[in-house]
DNA sequence: TTTGCGTTGATATAAATTTCACAATACTCA
DNA sequence: TGAGTATTGTGAAATTTATATCAACGCAAA
Ligand SMILES: NC(=O)c1ccc[n+]([C@@H]2O[C@H](COP(=O)([O-])OP(=O)(O)OC[C@H]3O[C@@H](n4cnc5c(N)ncnc54)[C@H](O)[C@@H]3O)[C@@H](O)[C@H]2O)c1
Ligand SMILES: NC(=O)c1ccc[n+]([C@@H]2O[C@H](COP(=O)([O-])OP(=O)(O)OC[C@H]3O[C@@H](n4cnc5c(N)ncnc54)[C@H](O)[C@@H]3O)[C@@H](O)[C@H]2O)c1
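Protein chains in written order, with the numbering used here: chain U, 123 to 332; chain G, 123 to 332.
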């Protein structure tokens with residue numbers, strides 16, 4: 123665990139998150155140790171890739187028993203989690219917003235969705251999927267109160283630009299955009315976009331050109 | 123447009139899909155031409171990257187007017203779409219399944235969700251989000267009838283393995299897995315996985331280590 | 001003990017992807 | 001016309017990411 127951690131490849135970060143997801147399952151099944159080739163198989167990777175990722179985070183296993191799952195999970199947590207936890211808000215409680223919120227609920231210790239927002243009076247000022255849903259006009263005060271640096275955007279496409287801009291004005295530093303509207307943000311803001319159509323089209327391309 | 127197309131980098135394929143998404147928007151706004159730096163800005167890429175991608179697919183713009191959007195969209199379609207269209211099924215019509223289905227509906231000409239499946243009698247044998255939802259026991263006959271090579275998996279985690287296996291037995295060649303259960307598939311099957319938690323954790327990591 | 005097997009860790013190599021740098025071109029305007 | 005400006009296309013370099021290879025190690029069985 124060096125200061126080098128900030129230089130971990132982005133791909134490795136993503137895989138660390140996925141390793142942990144798998145390792146949680148393995149713990150649940152009663153496993154205590156795991157070999158690189160087992161983890162690789164479950165991730166559809168090569169064992170070498172796995173070992174190299176773990177080398178990068180400075181974790182050592184044993185030749186006979188492989189890696190100690192509990193320790194590995196703890197180390198991954200030390201790297202990708204924030205020690206004091208991070209709070210996330212979600213804006214837009216339509217179909218997708220609710221699906222994401224109820225899925226995420228309670229899945230991680232150090233990362234939690236603390237508030238939802240919408241502009242539809244039918245949805246505001248009540249608990250939805252276990253999270254209090256506020257009117258969007260209150261977003262600034264809630265962000266300040268909760269100290270949430272991260273927002274998930276699932277509003278209607280027409281509202282995406284305006285709402286995103288507002289969120290940045292309120293101090294959001296990381297934005298996970300699921301609307302079909304591509305966003306542009308300043309350099310100091312982290313933006314991740316995901317569109318299922320991109321995944322589907324890639325898959326369709328691969329299937330057709332096989 | 124060479125035979126080289128099968129060798130297009132995977133990353134380029136993903137970006138082509140996203141370029142097209144943006145270009146559709148631009149057309150809607152009345153634009154007819156676009157420069158690499160405009161497209162780059164909207165994609166959060168460098169202009170060189172854009173030009174490189176377009177070079178790879180053999181598209182040429184003009185120095186004065188940039189790229190002709192209509193032509194570019196058509197060429198991207200020629201590359202990533204299947205000329206005769208591809209049919210997709212979705213299995214698991216819970217929150218996420220419905221959100222995806224209603225989102226995707228009608229968005230693309232050559233790619234459409236033609237059938238949904240569930241095992242909950244409350245959801246089967248009716249139209250949900252515009253798509254007929256069948257009982258999972260009919261999946262084989264519908265796949266054969268519709269000739270669908272691609273499936274989206276959004277069932278409950280406990281059912282994921284079993285349902286995935288069944289789908290492959292029915293001849294599915296590409297699988298887009300949204301369940302929280304990582305899948306392992308034979309080499310000749312294309313698998314894409316996506317988990318919002320991975321995106322969120324990566325974002326949280328970047329935000330915290332800034 | 002000794003041999004053989006399977007694993008990790010690490011260095012070297014390769015492949016994929018992005019960026020740099022700039023020639024070539026087309027347009028504008030004085 | 002000709003200088004100035006802005007753009008594309010692309011070879012080469014740089015960077016990022018993945019794979020190959022193998023020494024070293026630990027264990028088990030002979
Ligand atoms: N990326 C993907 O794969 C994917 C998948 C499905 C949907 N989507 C997109 O996600 C978004 C949500 O999809 P959905 O199916 O939940 O749609 P939806 O219409 O069910 O939900 C949108 C919600 O946003 C709220 N909203 C609208 N304007 C708002 C504003 N100014 N402030 C606060 N809230 C506002 C609406 O009241 C509604 O509750 C859409 O933009 C859709 O295109 C993306
Ligand atoms: N990848 C992500 O980002 C993400 C986000 C949200 C949810 N999820 C996952 O997606 C899946 C669906 O989430 P959801 O919120 O829609 O859950 P849900 O419980 O609302 O929906 C699951 C659906 O699957 C159906 N189902 C269960 N067993 C089945 C079987 N054997 N055959 C056919 N259908 C069956 C259920 O009847 C239900 O309709 C879950 O596995 C969840 O963990 C993933």
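Cβ coordinates follow ideal geometry from the N, Cα and C atoms, glycine included.
Should residue i be listed as close to ligand 2, given that the test is whether its C-beta is under 7 Å from any heavy atom?
| i | result |
| --- | --- |
| residue 276/G | yes |
| residue 211/U | no |
| residue 132/U | no |
| residue 289/G | no |
| residue 281/U | no |
| residue 318/G | yes |
| residue 241/G | yes |
| residue 258/G | yes |
| residue 264/G | no |
Can you check whether the C-beta of residue i is within less than 8 Å of a C-beta belonging to chain U?
| i | result |
| --- | --- |
| residue 153/G | no |
| residue 238/G | no |
| residue 326/G | yes |
| residue 200/G | no |
| residue 308/G | no |
| residue 317/G | yes |
| residue 229/G | yes |
| residue 320/G | yes |
| residue 323/G | yes |
| residue 313/G | yes |
| residue 143/G | yes |
Quick check: is the beta carbon of residue i nearer than 8 Å to any beta carbon in chain G?
| i | result |
| --- | --- |
| residue 243/U | no |
| residue 329/U | yes |
| residue 215/U | no |
| residue 131/U | no |
| residue 164/U | yes |
| residue 221/U | yes |
| residue 298/U | yes |
| residue 258/U | no |
| residue 233/U | yes |
Take the Cβ of residue i as the centre, count every other Cβ of all protein chains shown within 10 Å, and call the residue buried at 16 or more, exposed below.
| i | result |
| --- | --- |
| residue 152/G | exposed |
| residue 125/G | Note on residue 125/G: pLDDT 35, under 50, position unreliable in the model; no value is reported. |
| residue 245/U | buried |
| residue 123/G | Only weak support is given to the placement of residue 123/G: the predicted model assigns it a pLDDT of 31, under 50, and the value that follows is read from those uncertain coordinates. Under this definition residue 123/G is an exposed residue. |
| residue 268/G | exposed |
| residue 175/U | buried |
| residue 248/G | exposed |
| residue 177/U | exposed |
| residue 399/G | Any answer about residue 399/G is impossible in this case: the structure gives chain G only from 123 up to 332. |
| residue 301/U | buried |
| residue 228/U | exposed |
| residue 180/G | exposed |
| residue 271/G | buried |
Nearest-angstrom Cα distance between residue i and residue j?
| i | j | result |
| --- | --- | --- |
| residue 236/U | residue 282/G | 29 Å |
| residue 276/U | residue 187/U | 44 Å |
| residue 192/U | residue 324/G | 21 Å |
| residue 204/G | residue 207/U | 46 Å |
| residue 150/G | residue 161/G | 15 Å |
| residue 184/U | residue 158/U | 11 Å |
| residue 139/G | residue 154/U | 42 Å |
| residue 260/U | residue 327/G | 27 Å |
| residue 143/G | residue 318/U | 12 Å |
| residue 355/G | residue 218/G | Outside the shown range of chain G, which is 123 to 332, sits residue 355/G, and nothing can be said about it. |
| residue 233/G | residue 331/G | 40 Å |
| residue 312/G | residue 306/G | 10 Å |
| residue 131/U | residue 320/U | 23 Å |
| residue 278/U | residue 286/U | 12 Å |
| residue 170/U | residue 239/G | 39 Å |
| residue 292/G | residue 199/G | 28 Å |
| residue 145/G | residue 195/G | 7 Å |
| residue 289/G | residue 316/U | 25 Å |
| residue 129/U | residue 322/G | 19 Å |
With hydrogens ignored, establish whether the beta-carbon of residue i is closer than 7 Å to any heavy atom of ligand 1.
| i | result |
| --- | --- |
| residue 321/G | no |
| residue 302/U | yes |
| residue 103/G | Coverage of chain G is limited to positions 123 through 332, which leaves residue 103/G absent and any answer about it impossible. |
| residue 217/G | no |
| residue 224/G | yes |
| residue 214/U | yes |
| residue 156/G | no |
| residue 245/U | yes |
> Which whole runs of the alpha helix (DSSP H) in the segment 151-208 of chain U are 4 residues long or more, in chain order?
Replying inline: 158-165, 169-178 and 191-202
> Residue ranges of each alpha helix (DSSP H) run of no fewer than 4 residues wholly in the segment 215-272 of chain U, ordered along the chain?
Replying inline: 217-226 and 261-268
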